[in-house]
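Here the structure comes first, spelled out in structure tokens, and everything after it is commentary.
Numbering (the working numbering), first residue to last: 13 to 132.
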């Protein structure tokens with residue numbers, strides 16, 4: 013059978029659905045679909061700033077030329093760029109580590125109280 017999938021959901025299909033389909037059968041991906049997807053290694057950039065007695069942590073998940081940032085003004089996707097296959101598992105692991113380190117999510121970045129005195 014042939015399954016039609018909306019373009020904006022292709023990355024989700026490739027990362028979350030296809031691995032399960034491959035366990036139960038053969039999956040053939042047409043060239044037209046393959047041209048709409050790009051796989052690139054995840055690079056993570058942490059930017060730390062001191063703002064009003066807090067440590068402000070911006071996290072950028074970078075895949076080639078595409079940036080998924082905790083601060084929307086730093087998001088970047090070139091025009092007509094194919095969908096990126098994101099490593100959601102690794103991104104979630106990074107978020108968990110930041111939670112463990114005491115960084116709290118806010119509307120943009122993550123914050124943590126700036127340590128003082130002997131806690132430095």
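By construction, the Cβ of each residue, glycine as well, lies at the ideal position given by its N, Cα and C atoms.
Just so it is clear, the structure is predicted and the values come from calculations on it, not from any experiment.
Closest by C-alpha distance to residue i, when choosing among the options
| i | options | result |
| --- | --- | --- |
| residue 69 | 55, 128, 122 and 107 | 122 |
| residue 52 | 27, 66 and 98 | 98 |
| residue 54 | 81, 66 and 114 | 81 |
| residue 90 | 65, 79 and 28 | 79 |
| residue 21 | 45, 14 and 40 | 45 |
With 16 other Cβ atoms within 10 Å as the buried cut-off, status of residue i
| i | result |
| --- | --- |
| residue 96 | buried |
| residue 104 | exposed |
| residue 117 | exposed |
Within 7 Å, strictly: CB atoms of residue i and residue j
| i | j | result |
| --- | --- | --- |
| residue 83 | residue 120 | yes |
| residue 126 | residue 65 | yes |
| residue 19 | residue 48 | yes |
| residue 130 | residue 94 | no |
Neighbourhood of residue i by C-beta distance below 6 Å, restricted to the same chain and skipping five residues each side
| i | result |
| --- | --- |
| residue 115 | 69, 122 and 124 |
| residue 17 | 25 |
Discussion item. With a threshold of 8 Å, are at least 3 pairs of Cβ atoms found where one atom belongs to the region 29-42 and the other to the region 52-60?
Written reply: no
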